[in-house]
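Numbering (the numbering used here), first residue to last: -8 to 37.
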């Protein structure tokens, strides 16, 4: 993600998109998609 992008908003969008894709593929309602942020790395300018 670029600097300034809200991680929460992106993770919620990922949840919605994954749930929708799974529902389309399997034809069943998805009740939950978990998103885990394992690491955040900050790059410093040289």
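A virtual CB, placed ideally from N, CA and C, is assigned to each residue, including glycine.
(request) In the DSSP assignment, find the alpha helix (DSSP H) that holds residue 6 and state where it starts and stops. (result) Here residue 6 refers to the residue found at position 15 when the chain shown is read from its first residue. Where residue 6 is concerned, the enclosing alpha helix (DSSP H) stretches over -2 to 17.
(message) Relative to the C-alpha of residue 6, which candidate in 35, 16 and 27 has its C-alpha closest?
(response) Residue numbering aside, residue 6 sits at position 15 when the chain shown is read from its first letter. Selected option, being the one with the closest Cα: 27.
(message) Suppose the cutoff is 8 Å on Cβ atoms and the five residues either side in sequence are ignored; what does the same chain contact list for residue -8 look like?
(response) Here residue -8 refers to the residue found at position 1 when the chain shown is read from its first residue. -2 and 1.
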